[in-house]
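One structure is given here, and the rest of the page talks about it.
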Amino acid sequence: MMQGNGRKHEFQLEGHKIVALAYNTHKTQTPVIFIHGITSSVNSWEIGQIPLLADYPWYSLSLPGHYPAAFPQDFQAATLTAELITRLLLEAIRSLTGGQPAILIGHSTGGFAVLAVAAQAPELVKGVCSISGFAHGRWTGVLGLLQSLARSGGAGQALFRFNFAMLARSEWYYRRALGMYAYDRPAVYQHPSLEPYLALNYPDTKQLDALAMQHWFQRMPDVDITAWLPQITAPTLTMFGDHDPIVPPAQGHLIAERVAGSEKQVLAGVGHLLTSERTAVYYAVMTDWLQKVNGR
360 MMQGNGRKHE
370 FQLEGHKIVA
380 LAYNTHKTQT
390 PVIFIHGITS
400 SVNSWEIGQI
410 PLLADYPWYS
420 LSLPGHYPAA
430 FPQDFQAATL
440 TAELITRLLL
450 EAIRSLTGGQ
460 PAILIGHSTG
470 GFAVLAVAAQ
480 APELVKGVCS
490 ISGFAHGRWT
500 GVLGLLQSLA
510 RSGGAGQALF
520 RFNFAMLARS
530 EWYYRRALGM
540 YAYDRPAVYQ
550 HPSLEPYLAL
560 NYPDTKQLDA
570 LAMQHWFQRM
580 PDVDITAWLP
590 QITAPTLTMF
600 GDHDPIVPPA
610 QGHLIAERVA
620 GSEKQVLAGV
630 GHLLTSERTA
640 VYYAVMTDWL
650 QKVNGR
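Each residue of the sequence shown is one higher than the one before, counting from 360 in the working numbering.
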């Protein structure tokens, strides 16, 4: 099993176990915090971000309930709200940075999370970037189908859990599932980082708690932070593909419209996995944006 290079931090917050990996903590630039997407893990960022963040101290922070993080044993889906998610992540971010303002970057559900944090705690945020993110958690494509199963009771929830059992048992199944997120599938499957990514991330996927994931998929269609977006004051970048099969591109346009002074980058012919589908563009946009935000 491939081991990552980050130093592990664990936080016990309101009964939740939250996990972060720390990199380059000796660097003196503005700290950068990445938050992964649904069903992913803290290990999902390492391979792709090391070239981008050589000069920055940075952290990969878990979403609640995503292995190696964990929900409390008696956790109920009804309590999974935007407010809870934001509160837990805020406490972890404060602990990691000591209250120093940070640059927040999130993919998909992580994009939603960093926007929520930026809206509720502007004093902790120097810049925020949502990659394929959203304000309203109603998804489309295969994840939309899984949301429907998670919300449909007995038989549907059994099918939902079966899907996660298959992910845990078969790396082949996991590889095929990745393609359902992309529009430019050849770019994903031919990417030189695919094998190192799988070596780091798939072991965590095998450990996902299917019930925890069911809670997320059951609740997210009811989670909507659109009303929070005008509260964001930090420099904001929203970046997304125009053929995203998971998060409607309209969500990216909405974020750009509701956050004053935000920057929008729409990548043509790209789906949900833009960091893999258009890596060179991602690096160029992010390098420029990070330098601008860090220089403020």
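Note that the Cβ used here is the ideal one computed from N, Cα and C, for glycine as well.
Since the model is a prediction, treat every value here as computed from it, not as a measurement.
Residue i versus residue j: straight-line alpha-carbon distance, rounded
i	j	result
residue 379	residue 473	15 Å
residue 653	residue 646	11 Å
residue 550	residue 635	7 Å
residue 499	residue 372	32 Å
residue 384	residue 483	18 Å
residue 542	residue 609	16 Å
residue 538	residue 467	16 Å
residue 588	residue 455	24 Å
residue 503	residue 575	12 Å
residue 412	residue 491	20 Å
residue 506	residue 572	10 Å
residue 508	residue 577	8 Å
residue 563	residue 487	26 Å
residue 418	residue 381	5 Å
residue 402	residue 453	21 Å
residue 560	residue 548	15 Å
residue 421	residue 393	9 Å
residue 529	residue 536	11 Å
residue 695	residue 510	Residue 695 lies beyond the range of the chain shown here (360 to 655); nothing can be said about it.
residue 407	residue 367	18 Å
residue 489	residue 611	8 Å
residue 526	residue 617	37 Å
residue 638	residue 644	10 Å
residue 475	residue 520	28 Å
residue 370	residue 430	12 Å
residue 437	residue 364	36 Å
residue 663	residue 449	Any question about residue 663 goes unanswered here, given that the chain covers just 360 to 655.
residue 404	residue 517	31 Å
First through last residue of the alpha helix (DSSP H) which encompasses residue i
i	result
residue 531	530-538
residue 441	441-456
residue 476	468-479
residue 413	Where residue 413 is concerned, there is no enclosing alpha helix (DSSP H), given that its DSSP letter is neither H nor E.
residue 570	569-578
residue 503	500-509
residue 646	638-653
residue 547	544-548
residue 631	No alpha helix (DSSP H) contains residue 631, which DSSP labels as neither H nor E.
residue 614	608-617
Same chain, Cβ closer than 7 Å to residue i, neighbours up to 5 away in sequence not counted
i	result
residue 640	626
residue 602	542, 628, 629, 630
residue 546	635, 636
residue 501	539
residue 593	477, 481, 484, 485, 486, 487
residue 396	466, 467, 468, 469
Residue i at chain D interface by Cβ criterion, 7 Å
i	result
residue 535	The structure shown contains no chain D; it holds only a single protein chain.
Contact set for residue i: own chain, Cβ-Cβ below 8 Å, skip 5 residues either direction
i	result
residue 447	372, 373, 375, 377, 423
residue 388	414, 415, 416, 653
residue 386	414, 415, 416
residue 524	569
residue 553	547, 635
residue 642	410, 411
Beta-bridge partners of residue i, as assigned by DSSP
i	result
residue 486	462
residue 598	490, 624
residue 583	495
residue 372	375
residue 558	BP columns for residue 558 are empty, so no partner.
residue 366	381
residue 429	376
Bounding residues of the beta strand (DSSP E) (the contiguous stretch that carries residue i)
i	result
residue 379	375-382
residue 420	417-420
residue 393	391-394
Cut-off 6 Å between Cβ atoms - residues of its own chain near residue i, not counting five sequence neighbours on either side
i	result
residue 583	495
residue 497	580
residue 606	491, 493
residue 479	445
residue 632	540, 541, 547
residue 390	416, 456, 461
residue 566	426
residue 335	Outside the modelled stretch of the chain, which goes from 360 to 655, sits residue 335, for which no answer is possible.
residue 439	574, 578
residue 648	596
Q) Would you call the stretch 623-637 and the stretch 589-598 touching, i.e. three or more CB-CB distances under 8 Å? A) They touch, by the three-pair rule.
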